[in-house]
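Student: Let me begin by handing over the structure; questions about it come next.
There are 4 protein chains.
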Amino acid sequence: MQRRTFLAALSSTLAVLGRSAGEGRQVSSLPDPPIEDLVAANRILAMEGVLDGMGHVSVRHNSRANRFLLARSMVPELVAAADIMEYDLESNAVDARGRASYRERFIHSEIYKARPDVNAIVHCHTPSLIPFADSDVPLRAMYHMAAFVADGVPVFDIRQAAGITDLLVGDATLGRALAATLGGKSVALMRHHGAVVVASSIPNVVGRSVYLDLNARIQMQTVALGGKATYVDPAEAKLRMTDPNEYARAWELWKRKATR
Amino acid sequence: MQRRTFLAALSSTLAVLGRSAGEGRQVSSLPDPPIEDLVAANRILAMEGVLDGMGHVSVRHNSRANRFLLARSMVPELVAAADIMEYDLESNAVDARGRASYRERFIHSEIYKARPDVNAIVHCHTPSLIPFADSDVPLRAMYHMAAFVADGVPVFDIRQAAGITDLLVGDATLGRALAATLGGKSVALMRHHGAVVVASSIPNVVGRSVYLDLNARIQMQTVALGGKATYVDPAEAKLRMTDPNEYARAWELWKRKATR
Amino acid sequence: MQRRTFLAALSSTLAVLGRSAGEGRQVSSLPDPPIEDLVAANRILAMEGVLDGMGHVSVRHNSRANRFLLARSMVPELVAAADIMEYDLESNAVDARGRASYRERFIHSEIYKARPDVNAIVHCHTPSLIPFADSDVPLRAMYHMAAFVADGVPVFDIRQAAGITDLLVGDATLGRALAATLGGKSVALMRHHGAVVVASSIPNVVGRSVYLDLNARIQMQTVALGGKATYVDPAEAKLRMTDPNEYARAWELWKRKATR
Amino acid sequence: MQRRTFLAALSSTLAVLGRSAGEGRQVSSLPDPPIEDLVAANRILAMEGVLDGMGHVSVRHNSRANRFLLARSMVPELVAAADIMEYDLESNAVDARGRASYRERFIHSEIYKARPDVNAIVHCHTPSLIPFADSDVPLRAMYHMAAFVADGVPVFDIRQAAGITDLLVGDATLGRALAATLGGKSVALMRHHGAVVVASSIPNVVGRSVYLDLNARIQMQTVALGGKATYVDPAEAKLRMTDPNEYARAWELWKRKATR
């Protein structure tokens, strides 16, 4: 069923792309927007337990840097190409056609505004991250597969930013406060809520989200083991992270599994 | 096989409903009893690990507030429409037709009596809840997905209510004692036994049961991490819980997966 | 494939039973040996994570109390009816036909000799049990689904019984020592090895093995939670265990899932 | 799909073997290289959670002791016969045909050089091992299924061997340093990285990798339980490990599941 849904969505996407290629030669030299990879990312993140019924993943438009793509308000695991909407950096839908928007889309727009180097963003409630979001124990880089954690992981406390709220990042002001906490890092935890993960591409943001979860579990087990622990050095992490396609090998596997 | 069983049960239900619609026009304006959703809830709770071979979920009848629907005594994962029985608030089966009843159905009848706001109830033995039921560490709300926990989670100790028993809530007196411990809350833990979760609808009681399990695991991991932890504030939780269809998005996913 | 293997094995068993019924009327009044349930038990215990590639489950012959049935030396998950062998209480195969025997079959024969009330035995290496087998923290009954644990769980230390060995219960002397440690209980842990679980029937020994695993995990989580814990009282456990078919409901589910 | 890929790869392998058997009688008396088992090992280790998108497994060539077989640089779970490459003990590919090599293949070549008794090697990042790699708590043998752990498990710290690096064992010098840390043992942990496991055969190295993971989890749970623990004695382990086909029974199951 999933597969059929996916193929149907894919073929309708291809039809749309084919039509626009036929109708307007002037766009045919631009790369296609990465809709297929964004659909795959939604399904992979569900498959790997990073997202459940909630959470979302976006990508900056590949030819219009002030636009980003995000699914309509729905369960990530069921997202198909027809569910992908385009937003400007004020989180206005460019062509909603009646499709509802995620209330927390401001997380994405404000980070894309503040971080030109970021092309893909995940917002998640992964259970392994909450203990670090809710306590004063900092996340540390436990192994080379999560070397990016060595940069440090700030915690966004919405209560300090805006007092008593419903805990959701539901407007641009809160989105900006979260982006300010994130600064130049790869991850910010969100107290009593979850996390936001950013990267240069969809495969990288998916890879970081998956290995952030694994790294958090490993750190919790290391603490429970009770010995004296050591961590990846930031200088080691910097050397480790020179490959711009760091998670390409795993991405190939995940995409194949999530879309079959 | 599961799916075939489900479809068979569904079609026989539809046949029954069709016949009564044909035979008596006067009931055709009433909403159908939520049998399909109750069957789905049984399967979802098994799929998500909230229920195993034991435990049960009920719904208050949508047009007769002094009646509730509950499967015959059987494994939740295998429940089909034909297994759903109707009970009055003394836990008498309205039309048993030889079908056996759960011995602990008094949990449901006594809570429906005491709580007019409650329309759906889960009784479960979810492993992650037992450490909190068996110890003096209170369950706390760790993140916004389980904001309802911020109301507080009382523990029902059957030994204090009735001395040495077989630990089962097997009659109306014990059911009343459990309902009294629950009071106006969303959850009561049951010492050496499990928990009862209540809500305004089937999707909400299923959502609360799933996220109660996740919240309990997150709290155990937070404690093991050893730092200073903070929790969702009751005022934040109150603002977070204004959506009456809080778990609608996840429910759509769960129902699709559990009934295919 | 699994299912086909199972059906093939089943039909050959039925053929054998049919033939003997035709050839000798005098045995037709005896109940069939519970081969089908023993095959199911092997698969259920693998499915539920109690057994992995190793471990075994046996049943006392239902009409010859000095005989028991046990698979040939093989992986539990792949056991079919044709793999079931019959043994006497000295662990001699009655009709080996070239089939190899488990080296640790003496666990079964010596317990059947010492315990007339026992009709089914599981020997397993379930990971959740090893921490209790290897340490001085006793297993305690955490909830009513594992009430039998309240009787107490002795630990068999083969080093105390026989000094330095290969840790396997590979002869009758070691089997007798293990049976002596078990005494009248339902479970004995085996230091640096695993456990043995006994009961009055196949469904009960499977149910106990599954809930022993859950109970062990719950106890470990309760300890990690750090509060003051309480346990099921032996008097409560005794009242809870009066149902001779305690795990019948779960057995129905497990058997359906494991043999489809 | 996986199965079809596997069968296709297998049949092309058989075609190749058939052709060489037809073309040159002089090689027909040599045993076939264990390509099928190496493909199965890749899939088993992914299925059992030892490897994820990264990591690798190799086997020494069965008729040329100065050669070893290793997949091209790719995800283990997708490895097919056509992906297997042959290397000399300097990690040069004998017949690359454009296929990329794992950067860390020097782990394999340097251990094969130093250890004539080793015929199969796994390099993995199994999450349960990292807490022991990153802390000063030594891995101990918790039960007879992982008796080989009783020999002791050294930790390779690349920072001590080579200062600040990208943490990868990317050349022969680092491979030699790792082999020196391994010495005559079965396992070496790699700080902030993972582990290397060695054995006399593919089934044994797979079995050791799977039970090393289980043993690590058991030890972490035993520590968390807080009591006084005991461990398998090296003399017991030595008696336990006399069977050269120790994991044959589990291997049969794993291979059947991973290649269907």
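In order, the protein sequence lines correspond to chains F, U, P and D.
Each residue of the first sequence is one higher than the one before, counting from 0 in numbering that gives the first Met the number 0.
Each residue of the second sequence is one higher than the one before, counting from 0 in numbering that gives the first Met the number 0.
Each residue of the third sequence is one higher than the one before, counting from 0 in numbering that gives the first Met the number 0.
Each residue of the fourth sequence is one higher than the one before, counting from 0 in numbering that gives the first Met the number 0.
Just so it is clear, CB atoms sit at the ideal spot from N, CA and C, and this is done for glycine as well.
Quick caveat: nothing in here was measured; it's all calculated off a predicted structure.
#1: At the level of alpha carbons, what is the spacing between residue 100(D) and residue 233(U)?
#2: Taking the straight line between their C-alpha atoms, what separation do you get for residue 109(U) and residue 86(U)?
#3: When you compare each of 192(P), 33(P) and 57(P) to residue 198(P) by their alpha carbons, which one comes out closest?
#4: Using 8 Å as the threshold, is the segment 165-176 of chain U in touch with the segment 208-218 of chain U, meaning 3 or more CB pairs across them?
#5: How is residue 111(D) classed by DSSP in three states: helix, strand or coil?
#6: Taking only the alpha-carbon atoms, compute the straight-line gap between residue 240(P) and residue 205(P) and give it to the nearest angstrom.
#7: Would you check if there are 3 or more beta carbon pairs closer than 8 Å linking the segment 35-49 of chain F to the segment 86-98 of chain F?
#8: Secondary structure at residue 46(D), three-state DSSP: helix, strand or coil?
#9: In whole angstroms, what separates the C-alpha of residue 31(D) from that of residue 185(D)?
#10: Go ahead and label residue 97(U) buried or exposed: buried means 16 or more other beta carbons lie within 10 angstroms of its beta carbon, across all protein chains shown.
#11: Using a 10 Å radius around the Cβ and a threshold of 16 neighbouring Cβ atoms, would you call residue 254(D) buried or exposed?
#12: Which one or two residues does DSSP pair with residue 128(P) in a beta bridge?
#13: Output the residue ranges of the alpha helix (DSSP H) runs that lie fully inside the segment 122-177 of chain D and measure 4 residues or longer, sorted by chain position.
#14: Below 7 Å CB to CB, which residues in the same chain sit around residue 249(U) once its five sequence neighbours on both sides are set aside?
#15: In terms of residues, what are the limits of the beta strand (DSSP E) holding residue 84(F)?
#16: By alpha-carbon positions, which one of 106(U), 81(U), 105(U) and 154(U) ends up nearest to residue 95(U)?
#17: Could you list the residues in the segment 206-226 of chain D with a C-beta less than 7 Å from some C-beta on chain F, going in chain order?
#18: Check whether the segment 118-135 of chain U and the segment 212-229 of chain U touch, using three or more Cβ-Cβ pairs below 8 Å as the test.
#19: Mind pulling the chain F residues with CB within less than 7 Å of residue 251(U)?
#20: Within 8 Å (strictly less), CB to CB, does residue 125(P) reach chain U?
#21: For the segment 159-193 of chain F, which residues have a CB atom closer than 8 Å to at least one CB atom of chain U, in sequence order?
#22: Counting contacts by CB-CB distance shorter than 8 Å, is residue 129(D) in contact with chain F?
#23: Roughly how many whole angstroms lie between the Cα atoms of residue 176(F) and residue 160(F)?
#24: Where residue 129(D) and residue 117(P) are concerned, what is the direct C-alpha to C-alpha distance, given to the nearest angstrom?
#25: Check whether the Cβ of residue 98(D) lies closer than 8 Å to any Cβ atom in chain P.
#26: Where do the N-terminal and C-terminal ends of the beta strand (DSSP E) with residue 189(U) fall, by residue?
#27: Over what stretch of residues does the alpha helix (DSSP H) that includes residue 96(P) continue unbroken?
#28: Given a cut-off of 8 Å, decide if residue 141(P) and residue 246(P) are closer than it, judged by their beta-carbon atoms.
#29: Considering just the uninterrupted stretch of the alpha helix (DSSP H) at residue 222(D), what are its terminal residues?
#30: So which residues of chain D does residue 228(F) contact, with C-beta pairs closer than 7 Å?
#31: Looking only at C-alpha atoms, which of 203(P), 165(P) and 112(P) sits nearest to residue 37(P)?
#32: Residue range of the beta strand (DSSP E) that residue 59(F) falls in?
#33: May I ask which residues mark the beginning and end of the beta strand (DSSP E) holding residue 66(U)?
#34: Taking C-alpha atoms, which residue in 65(F), 72(F) and 63(F) lies nearest to residue 53(F)?
#35: Can you tell me the Cβ-Cβ gap for residue 132(P) and residue 60(P), rounded? I've got them flagged as a contact below 8 Å.
#36: Look at the alpha carbon of residue 65(F) and the alpha carbon of residue 216(U), and state the distance between them as a whole number of angstroms.
Tutor: On the basis of the data shown:
#1: Mapped onto the fourth sequence, residue 100(D) falls at position 101. Mapped onto the second sequence, residue 233(U) falls at position 234. Going from the Cα of residue 100(D) to the Cα of residue 233(U) covers about 56 Å.
#2: One-based indexing of the second sequence puts residue 109(U) at position 110. One-based indexing of the second sequence puts residue 86(U) at position 87. Answer to the nearest angstrom: the Cα atoms are 12 Å apart.
#3: For this step, residue 198(P) is matched to residue 199 along the third sequence. Of the listed residues, the one whose Cα sits closest to residue 198(P) is 57(P).
#4: no
#5: Position 112 of the fourth sequence, counting from 1, holds the residue named residue 111(D). Note: residue 111(D) maps to helix in three-state DSSP.
#6: Position 241 of the third sequence holds residue 240(P). Position 206 of the third sequence holds residue 205(P). Residue 240(P) and residue 205(P) have their alpha carbons spaced roughly 15 Å apart.
#7: no
#8: In the fourth sequence, residue 46(D) corresponds to position 47, counting from 1. Residue 46(D) falls in the helix class under three-state DSSP.
#9: Here residue 31(D) is taken as the residue at index 32 of the fourth sequence, counted from 1. Here residue 185(D) is taken as the residue at index 186 of the fourth sequence, counted from 1. So the two alpha carbons sit approximately 26 Å from each other.
#10: Your numbering for residue 97(U) matches position 98 in the second sequence. It counts as exposed.
#11: Counting from one through the fourth sequence, the residue named residue 254(D) turns up at place 255. So residue 254(D) ends up on the buried side.
#12: For the purposes of this step, residue 128(P) is identified with residue 129 of the third sequence, where counting begins at 1. In the DSSP output, where bridge partners are listed per residue, residue 128(P) has none listed.
#13: At a cut-off of 4 residues, the continuous stretches assigned as alpha helix (DSSP H) that sit fully inside the segment 122-177 of chain D are 129-133 and 157-161.
#14: In the second sequence, the residue the question calls residue 249(U) occupies position 250. Excluding residues within five positions, the ones whose Cβ falls inside 7 Å are 206.
#15: Taking the first sequence and counting its residues from 1, one reaches residue 84(F) at position 85. 83-87 is the extent of the beta strand (DSSP E) around residue 84(F).
#16: Taking the first residue of the second sequence as position 1, residue 95(U) is located at position 96. Closest option to residue 95(U), Cα to Cα, is 81(U).
#17: Cβ contacts with chain F: 219, 222 and 223.
#18: yes
#19: The residue given as residue 251(U) occupies position 252 in the second sequence. Per Cβ cutoff of 7 Å: 74.
#20: Here the question's residue 125(P) lines up with position 126 in the third sequence. False, the Cβ-Cβ gap to chain U never drops below 8 Å.
#21: 163, 164, 165, 166, 167, 190, 191, 192 and 193
#22: Numbered from 1 along the fourth sequence, position 130 holds the residue referred to as residue 129(D). Yes, contact with chain F.
#23: Here residue 176(F) corresponds to residue number 177 of the first sequence, with the count starting at 1. Here residue 160(F) corresponds to residue number 161 of the first sequence, with the count starting at 1. Spanning the two alpha carbons is a distance of roughly 7 Å.
#24: Taking the fourth sequence and counting its residues from 1, one reaches residue 129(D) at position 130. Taking the third sequence and counting its residues from 1, one reaches residue 117(P) at position 118. Each residue's alpha carbon lies about 43 Å from the other.
#25: For the purposes of this step, residue 98(D) is taken as residue 99 along the fourth sequence, with counting starting at 1. At a cut-off of 8 Å between C-beta atoms, residue 98(D) does not count as an interface residue with respect to chain P.
#26: Taking the second sequence and counting its residues from 1, the one referred to as residue 189(U) is at position 190. It spans 186-189 - the beta strand (DSSP E) in which residue 189(U) sits, taken as one unbroken run.
#27: Sequence index remark: in the third sequence, residue 96(P) carries index 97 (1-based). Segment: none, residue 96(P) is in no alpha helix (DSSP H) and carries neither H nor E.
#28: Mapped onto the third sequence, residue 246(P) falls at position 247. Mapped onto the third sequence, residue 141(P) falls at position 142. Contact flag unset, no.
#29: The sequence position of residue 222(D) within the fourth sequence is 223, counting from 1. Start and end: 201-224.
#30: As a first step, residue 228(F) is located in the first sequence; it is residue number 229 there, counting from the start. Result: 133 and 134.
#31: Along the third sequence, read from residue 1 onward, the residue named residue 37(P) stands at position 38. If we check each option's Cα against that of residue 37(P), 203(P) comes out closest.
#32: Here residue 59(F) refers to the residue found at position 60 when the first sequence is read from its first residue. Counted as a single uninterrupted DSSP element, the beta strand (DSSP E) harbouring residue 59(F) occupies residues 55-59.
#33: Within the second sequence, the letter at position 67 stands for residue 66(U). From DSSP, the beta strand (DSSP E) with residue 66(U) extends over 66-70.
#34: By one-based count along the first sequence, residue 53(F) stands at place 54. Looking at the Cα atoms, 72(F) is the closest of the given residues.
#35: Working through the third sequence from its first residue, we reach residue 132(P) at position 133. Working through the third sequence from its first residue, we reach residue 60(P) at position 61. That pair is no contact at about 30 Å.
#36: What you label residue 65(F) is simply residue 66 of the first sequence in a count that begins at 1. What you label residue 216(U) is simply residue 217 of the second sequence in a count that begins at 1. Rounded to the nearest angstrom, the two C-alpha atoms are 40 Å apart.
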